[in-house]
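Quick mapping for you: the protein sequence lines, in order, are chains A and B. Numbered as in this note's numbering, the first sequence ends at 845 without a single skipped number. Numbered as in this note's numbering, the second sequence ends at 636 without a single skipped number. Cβ atoms here follow ideal geometry from the backbone N, Cα and C, with glycine treated the same way. First comes the structure, then the notes that go with it.
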Amino acid sequence: MTTTEEQLEQAQQFERLKALVDKQYRWIDRKWDAVFWVSAAFIVGAACDITKLLFAGDWDFWTDWKDRIWWPILTPFALVIIGSALQYIQWLAWRFPTGMTYTAICLWPLATLGRWLQWGNFVHYPMNFVWPTTMVPAGIFADWVLFKTKSFILTSVIGSAVFAFGWWVSNYMMIAPYLQPAQWMDRILTVADIQGITFIHSQTPEYLRIVEHGTLRSFLGETQYVAIVFGATVTIAGYWIGQFIGRMLAIWPIGRFMKKW
Amino acid sequence: MMKRLAALLLLGMATTVAFASPASAHGEKSQEAFLRMRTIGWTDVVFSGGHKDANGDIVIAQGEKFTIKGVAKLMNTWPDTLAKGLPRIGYLNIATQGPCVALLERKINGISTPDRIEITKGNYYQFEDTLMGRRVGRWHVHPTFAVKGAGTLLGPGQWFRVTPHAFSTPATLYNGKTINLENYHLVSVWTLQVIGFLLGLIWIFWWTWWGKTAKGNPRRTVTNPAVTLAIPLNDDGLAVGLNTKKDHRVVNIIALATALFLLIGWIWQASAFPVKIPQQVVEYEPPKTNLDAAPTLAEVDARSAKYDYQAKLLRLEIDAKNVSSNPIELSQFVTSTLTFDNRSSGTTPSGPYQDTLKLAPTGTIQPGQTTTLTIDLPGSRFDEEHLLPKGESQLTISGLLVFKDAAGNKSSAEIEEPLQPHYTS
């Protein structure tokens, strides 16, 4: 084909696509869009919650576990996985930079409802001791990075860092009141520590708590910032695990199925 | 077919409900008997506060305080299979059905102990827990001794009935302000969570509902692959009208609003809570007690431990040598949660975890004298507590023999002896 014919075909293809964007389908109206977004919400929220509980369970549950070392390393890593998979799927299929935010707003009501029903109403822990973390602001930032860069590689590097940092800021605001020192049993402890001691959890002895214990490699005491940077690095790994799930466990099998039928 | 399945399902559920009994224990009887006997010896456990009802339950109101005092001995017979035979970190706590009681103070060997302690085999740990009723209901409360690398061992329990009453769970901040742990800053947590959630909802609604295509039509979702699969992955569909410049402007605004929200939130927390510290980990070795320093009154050597299934009788034969300068007498045999008192020595059983032992010969052991003591223990009590290692991998009986002299001095000696069951067919 000559260059002119190629250009002509490209122009025709372009016009066909433009027409397809607004094409009205007879049997597939907007209620199918709503059916998808609403029905997928439960699966996406549950998948993210399970992943979070698998990798960062106790850190998400108790305020006395929400420390400045392990919490910002493990939780963003756990949260970004399903968000990343959804980001790939929704960008590939619809060009919507919504995967992270959608995952976040599916997760939050499910996690909160679960926490309230199981840990608040059933076992009677105060909700200010067992509140779940939020990934909504972090998810918005990661989706914004994808929309601006249109690149999963850049999103994995910049977006994951912004995700981890945004997650830390949005959740640190909530843990702040519980990090105040208080007098308790002849000691100075945080309010979070006191919650952990007062509201008995029989089968998890305190020594199982994995929080900052101190290290000689403390970087002039600025362990928090080191942990956040390391958390961002680990989140990049989590992002690509999510990409693998999205590409290989979701999209690739669908492609095989479509080709077969 | 469906009706049959539904009926079967309903029947199954009804059967489950009908035969299910409320959870009222914490698995203490499911742990192997020989391990429970060889690990912790619980003595002098006393629950006080409130008042007892006709069933023996202690009745307290929500917010009303009560105490649990006692002594836990980390036995020298601690098995090699738990914590590699060397228990090092322990945590004395409470086992009950969740936070139905709240812990206000915990002292171990006279020192306030919020967290874990460093422990040593053979040492005594005198504990005193101050708690308060929190959740209305009937609860079984045990002291516990958790050992890192081993698990949690339960002491004798007591039923509590918590009755309704207005209460709070107070704590005092560094600035002297008293807070209620039940709801402190819960509103702040929810407010911040909900604002973030609403921002996320706006983002999603823009992409699924409010946003339009370049031609101003409602944006579609499930039909988009017809377009998106025909353009490169790094193309945002701007040219074909899938997304628009307005989308870019709107997401910039939402991202900016989110950043502003975080900035305001950060300033709020920094000004509202200027003093913050990381979570604290308190670990220390409690001082030794008088019990640890008490002079030994007797040396013991177990000769036999026999169990008669028909008579439901556990008989221990012990050589006891008085190594003190005064006459002594056996006052108790303690194993795991059970205490057996020698009434002739002046001790009287009280509570569901205590009973009486029969001793022969009765009377005192003179200084320097060695006497073979025959101790008969009611096997039914061992049965009730699942403390007879009948079908376990180690048929042994372990425990503490507590001796005392006329001046009230006490010391305990550990025994460990293979159990010889007299089987009946």
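Chain B contact residues for Asn-712 of chain A, given Cβ-Cβ distances below 7 Å: The answer, in chain order, is Asn-394, Tyr-395, His-396, Leu-397 and Val-400.
Glu-329 of chain B versus Trp-414 of chain B - alpha carbon distance: Distance from the CA of Glu-329 of chain B to the CA of Trp-414 of chain B, rounded to the nearest whole angstrom, comes to 52 Å.
C-beta neighbour in chain B for Val-622 of chain A, strict 8 Å: Judged by the 8 Å Cβ criterion, Val-622 of chain A is not in contact with chain B.
Residue-level contact to chain A via CB, Thr-278 of chain B, 8 Å cutoff: Closer than 8 Å: no.
Exposure of Gln-596 of chain A, with buried meaning 16 or more beta-carbon neighbours within 10 Å: Gln-596 of chain A should be labelled exposed.
Straight-line gap, Gln-717 of chain A to Trp-646 of chain A (C-alpha atoms, nearest Å): Going by the sequence as given, residue 717 of chain A is Thr instead of Gln. Rounded to whole angstroms, Thr-717 of chain A to Trp-646 of chain A spans 10 Å at the Cα level.
Extent of the continuous beta strand (DSSP E) run through Asp-633 of chain A: Counted as a single uninterrupted DSSP element, the stretch harbouring Asp-633 of chain A is not any beta strand (DSSP E) but the alpha helix (DSSP H) occupying residues 614 to 645.
Validate contact between the region 246 to 256 of chain B and the region 308 to 324 of chain B using beta carbons, cut 8 Å, 3 pairs: Fewer than three pairs of CB atoms, one per stretch, sit closer than 8 Å, so the region 246 to 256 of chain B makes no contact with the region 308 to 324 of chain B.
Top-ranked residue by Cα proximity to Gly-301 of chain B, from B:Thr-307, B:Lys-332, B:Gly-274 and B:Asn-287: Ranked by Cα distance from Gly-301 of chain B, the first of B:Thr-307, B:Lys-332, B:Gly-274 and B:Asn-287 is B:Lys-332.
Same chain only: Cβ atoms within 6 Å of Gln-591 of chain A, ignoring 5 sequence neighbours per side: Taken in chain order, the list of residues that qualify is empty.
Own chain residues within Cβ distance below 7 Å of Asp-519 of chain B, not counting five before or after: Excluding positions up to five away in sequence, the list reads His-633.
Chain E within 8 Å of Phe-472 of chain B, Cβ atoms only: In the displayed structure, chain E is absent; the protein chains listed are A and B.
C-beta neighbour in chain B for Lys-602 of chain A, strict 8 Å: Yes, Lys-602 of chain A counts as interfacial toward chain B.
Chain-ordered residues of the region 823 to 844 of chain A with a beta carbon less than 9 Å from chain B: So nothing in the stretch comes that close.
Beta-carbon proximity check, Leu-524 of chain B vs Ser-622 of chain B, cutoff 8 Å: No, the Cβ-Cβ distance between Leu-524 of chain B and Ser-622 of chain B is not below 8 Å.
Test item: CB-CB of Ile-812 of chain A and Phe-749 of chain A under 8 Å: Going by C-beta atoms, Ile-812 of chain A is nearer than 8 Å to Phe-749 of chain A.
Whole-number beta carbon distance between Gln-273 of chain B and Val-352 of chain B, since they are thought to touch under 8 Å: Incorrect: roughly 15 Å between the Cβ atoms, too far for contact.
Separation of Leu-833 of chain A from Met-224 of chain B, as counted between CA atoms: Across the structure, Met-224 of chain B and Leu-833 of chain A are spaced so that their CA atoms are roughly 36 Å apart.
Ala-581 of chain A at chain B interface by Cβ criterion, 8 Å: Summary: the structure shown does not reach residue 581 of chain A, with chain A confined to residues 585 through 845, and so no result is reported for it.
Counterpart residues of Glu-339 of chain B in DSSP-defined beta bridges: Bridge pairing for Glu-339 of chain B: B:Lys-280 and B:Lys-318 [DSSP].
Contacts of Lys-359 of chain B in chain A (Cβ-Cβ under 9 Å): Within chain A, the residues near Lys-359 of chain B are Pro-789, Tyr-791 and Leu-792.
Nearest-angstrom Cβ-Cβ length linking Lys-532 of chain B and Thr-575 of chain B, presumed shorter than 8 Å: The beta-carbon distance between Lys-532 of chain B and Thr-575 of chain B, rounded to whole angstroms, is 13 Å. This is too long to meet the 8 Å contact definition.
Residues near Thr-685 of chain A by beta carbon distance below 6 Å, same chain, minus five either side: Counting only Cβ-Cβ distances below 6 Å, and skipping sequence neighbours, we find Gly-723, Ile-724 and Asp-727.
Gln-671 of chain A burial status per 10 Å Cβ neighbour count (16 or more: buried): Burial state of Gln-671 of chain A is buried, judged by a 10 Å Cβ sphere holding 16 or more other Cβ atoms.
Chain A contact for Asp-201 of chain B (CB, 8 Å cutoff): Lying outside 212 to 636, the shown extent of chain B, residue 201 of chain B is not represented and no answer is given.
Where Ile-305 of chain B falls: helix, strand or coil (DSSP): DSSP, read as helix, strand or coil, puts Ile-305 of chain B in strand.
Whether Tyr-395 of chain B touches Pro-761 of chain A by CB criterion (8 Å): Here Tyr-395 of chain B is near Pro-761 of chain A, since their CB atoms are less than 8 Å apart.
Chain B residues whose Cβ lies nearer than 9 Å to that of Gly-750 of chain A: Here the neighbours are Thr-469, Ala-470 and Leu-473.
Nearest candidate by alpha-carbon position, reference Leu-453 of chain B, set B:Ala-468, B:Ala-466, B:Ile-465 and B:Ala-437: The shortest C-alpha separation from Leu-453 of chain B is found at B:Ala-437.
Chain-ordered residues of the region 488 to 510 of chain B with a beta carbon less than 7 Å from chain A: Cβ contacts with chain A come from Ile-488, Pro-489, Gln-490, Gln-491, Val-492 and Val-493.
Which listed residue (B:Pro-367, B:Val-462 and B:Lys-284) has its alpha carbon closest to that of Thr-307 of chain B: Closest in alpha carbon position to Thr-307 of chain B, among B:Pro-367, B:Val-462 and B:Lys-284, is B:Pro-367.
Minimum C-alpha distance to Ser-735 of chain A - residue among A:Trp-675, A:Pro-710 and A:Gln-702: Among A:Trp-675, A:Pro-710 and A:Gln-702, the Cα nearest to that of Ser-735 of chain A belongs to A:Trp-675.
Neighbour list for Trp-477 of chain B in chain A, Cβ cutoff strictly below 7 Å: Under a criterion of Cβ atoms nearer than 7 Å, the residues of chain A adjacent to Trp-477 of chain B are, in order, Val-753 and Met-757.
Boundaries (first-last residue) of the alpha helix (DSSP H) holding Trp-479 of chain B: Its alpha helix (DSSP H) spans residues 456 to 483.
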